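Going by the UniProt record's numbering, the first residue of the sequence shown is number 1, and it counts up by one from there. Idealized CB from N, CA, C, for every residue including glycine. What you are looking at is a predicted structure, and each value in this text was computed from that prediction instead of being measured. Below: one structure, written as structure tokens.
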Amino acid sequence: MSRYVKYRNRLLSALYKGILKPVLFLLDPEDIHDFFVRFGAFLGKFSPIRWKISKLFDYRNEKLRQKILGIDFRNPVGLAAGFDKDIELTDIISSLGFGFEEVGSITAKACDGNPRPRLWRLPKTKSLGVWYGLKNKGAKILSKKLANKIHQLPIGVNIAFTNCKENLDIPSAISDYVAGIQVMEKYADYITVNLSCPNTLGGIPFIMPESYGKLMVEIDKNPTNKPFFVKISPDMTHQEIDKFLEITGRHRVHGIICTNLSKEYDQKEIKDPIPPQGGLSGRVVFPKALDLLSYMYKKVGNKYIFIFCGGIFSADDAYRVIKQGASLIELITGMIFEGPQIVSEINRGLVEKITRDGFKNISEALGVENK
């Protein structure tokens, strides 16, 4: 079975990189994204099609299964927030081989986002420039979508504050965060509080200690049994991380997603024209996110569940961050550049690597390079 999956993935990769990707990369990136979201939502409506797609893309092995915070993850590879903004792909994601999905970001009120263009490809750098500005249909509409679905996989809901002029002050933005959480939390397997979206009118104020502390105080006032994650910026310094961890330890936080888009980078490392606005995802983020993951895991160990998000392109990347302390990984950019078979490639590669290194399952490899 593993050999079949290996050659299947090689064929799919060759078809994507040799035929489909060159055509797609000639077209507007947001138009292509919107098309594939609609196409995936359509295919997900039909169980025979879902079954056939799973035969093309899925890979399963019990060595990858983990129970984390009471949630069963069949494998550690998830679709990151930012791709399925309006909860349209939950029916098809399982067939593509993912172990979970994080939808959103979702805000209390509907938001049109920033004006186009707001998505750019940086092919030589293997990154994306993103300036969406939290475009989504709002918590009221999107909560109904989750309420009417049976989850095939764990679904995390990423919550941000609405990108509008009414939320330029900290108290208003906090109220907006809390309102979004109150609407969505009952339908989510876990909640992520997006502290670090760089594409809003107010910038990224909630990675600042004072505003972060105030936000978490208000969130703590709303009792819930759902696990809470916070998503941080890759541009934070170790000193800022120390203060962040100090504040986090006072509140009901179960995990940390490391990390979001980067706005601070060495322009010499960017091999493409730099987008005029927004932050960068992909390979640009990987070394910064890995550094923060390693630093935090050394300080707090298993106190928090870490999800790594930032430039995963291969099983080697995934295994590296797992050994540094990440229980789960998320990706978008890697799938866009490498093809949808990357999920299966990563999962199959992880099984090979943990077996080679004498681990019985993926959990045994967690943080081994930082213990």
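(1) Would you say the region 72-84 touches the region 314-333, given that touching needs at least three Cβ pairs under 8 Å?
(2) Counting only runs of 4+ residues fully inside the region 149-212, write out the alpha helix (DSSP H) ranges in chain order.
(3) Going by the DSSP bridge assignment, what does W120 pair with across the sheet?
(4) Look at the Cβ atom of S281, then the Cβ atom of L134, and state whether they are nearer than 8 Å.
(5) If you reduce the DSSP assignment to three classes, tell me which class N347 lands in.
(6) Assuming I232 contacts I207 under a Cβ cut-off of 8 Å, what Cβ separation, rounded to an integer in Å, is found between them?
(7) Using three-state DSSP, classify K263 as helix, strand or coil.
(8) Could you tell me whether the region 243-254 touches the region 289-307, where touching means 3 or more Cβ pairs closer than 8 Å?
(9) With V230 as the anchor, note down where its beta strand (DSSP E) starts and where it stops.
(10) Below 8 Å, how does it come out for the region 58-74 and the region 115-126: are there three or more Cβ pairs, yes or no?
(11) For K145 versus I87, is the C-beta spacing smaller than 8 Å?
(12) Buried or exposed: which applies to residue 411, given that a residue is buried once 16 or more other Cβ atoms fall within 10 Å of its Cβ?
(13) Once the 5 residues before and after N194 are set aside, which same chain residues still bring their CB inside 6 Å of it?
(14) I'd like the list of long-range same chain contacts for Y297, defined as Cβ closer than 7 Å, with 5 residues on each side in sequence excluded.
(15) Report the residue from N222, Y295, F57 whose alpha carbon sits nearest the alpha carbon of Y10.
(16) Can the beta-carbon of N163 be found closer than 8 Å to that of T200?
(17) Check whether the Cβ atoms of T107 and I270 lie closer than 8 Å to each other.
(18) To the nearest angstrom, how far is it from the Cα of residue 386 to the Cα of Y177?
(19) When the distance is taken between beta carbons, is G99 closer than 8 Å to P115?
(20) Quick one: give me the first and last residue of the beta strand (DSSP E) that I92 is part of.
(21) Can you grab the Cα-Cα spacing for the pair D28 / D34, in whole Å?
(22) In terms of residue numbering, what span does the beta strand (DSSP E) encompassing Q66 cover?
Looking at the coordinates:
(1) yes
(2) 170-184
(3) Position 120 of the sequence shown holds residue 120. Paired residues: G129.
(4) Counting from one through the sequence shown, the residue named residue 281 turns up at place 281. Counting from one through the sequence shown, the residue named residue 134 turns up at place 134. No, these two residues do not count as a Cβ contact at 8 Å.
(5) As a position in the sequence shown, residue 347 is number 347, starting the count at 1. Note: N347 maps to helix in three-state DSSP.
(6) Residue numbering aside, residue 232 sits at position 232 when the sequence shown is read from its first letter. Residue numbering aside, residue 207 sits at position 207 when the sequence shown is read from its first letter. About 6 Å; that satisfies the 8 Å criterion.
(7) For the purposes of this step, residue 263 is identified with residue 263 of the sequence shown, where counting begins at 1. Note: K263 maps to coil in three-state DSSP.
(8) yes
(9) Mapped onto the sequence shown, residue 230 falls at position 230. Where V230 is concerned, the enclosing beta strand (DSSP E) stretches over 228-232.
(10) no
(11) As a working mapping, residue 145 is identified with position 145 in the sequence shown. As a working mapping, residue 87 is identified with position 87 in the sequence shown. Yes.
(12) Any answer about residue 411 is impossible in this case: the structure gives the chain only from 1 up to 371.
(13) Locating residue 194 in the sequence shown gives position 194, where the first residue counts as 1. Excluding sequence neighbours, N194 sits near S105, N158, A160, K231.
(14) As a working mapping, residue 297 is identified with position 297 in the sequence shown. Here the set comprises F306, Q324, G325, G367, N370.
(15) As a working note, residue 10 is residue 10 in the sequence shown. According to the sequence as given, residue 10 is Arg; it is not Tyr. Of the candidates N222, Y295, F57, the one whose C-alpha sits nearest the C-alpha of R10 is F57.
(16) Start at 1 with the first residue of the sequence shown, and residue 163 comes out as number 163. Start at 1 with the first residue of the sequence shown, and residue 200 comes out as number 200. For N163 and T200, yes; Cβs fall inside 8 Å.
(17) Position 107 of the sequence shown, counting from 1, holds the residue named residue 107. Position 270 of the sequence shown, counting from 1, holds the residue named residue 270. Going by C-beta atoms, T107 is not nearer than 8 Å to I270.
(18) Nothing can be reported for residue 386: it is not among the residues displayed for the chain, which extend from 1 to 371.
(19) On the sequence shown, position 115 is the one that residue 115 refers to. On the sequence shown, position 99 is the one that residue 99 refers to. Result no, Cβ atoms of P115 and G99 do not sit closer than 8 Å.
(20) If you number the sequence shown from 1, residue 92 lands on position 92. Here I92 belongs to no beta strand (DSSP E), and DSSP marks it neither H nor E.
(21) Against the sequence shown, residue 28 aligns to sequence position 28. Against the sequence shown, residue 34 aligns to sequence position 34. C-alpha separation (whole angstroms): 10 Å.
(22) Your numbering for residue 66 matches position 66 in the sequence shown. Looking at the DSSP string, the run of the beta strand (DSSP E) that includes Q66 is 66-68.
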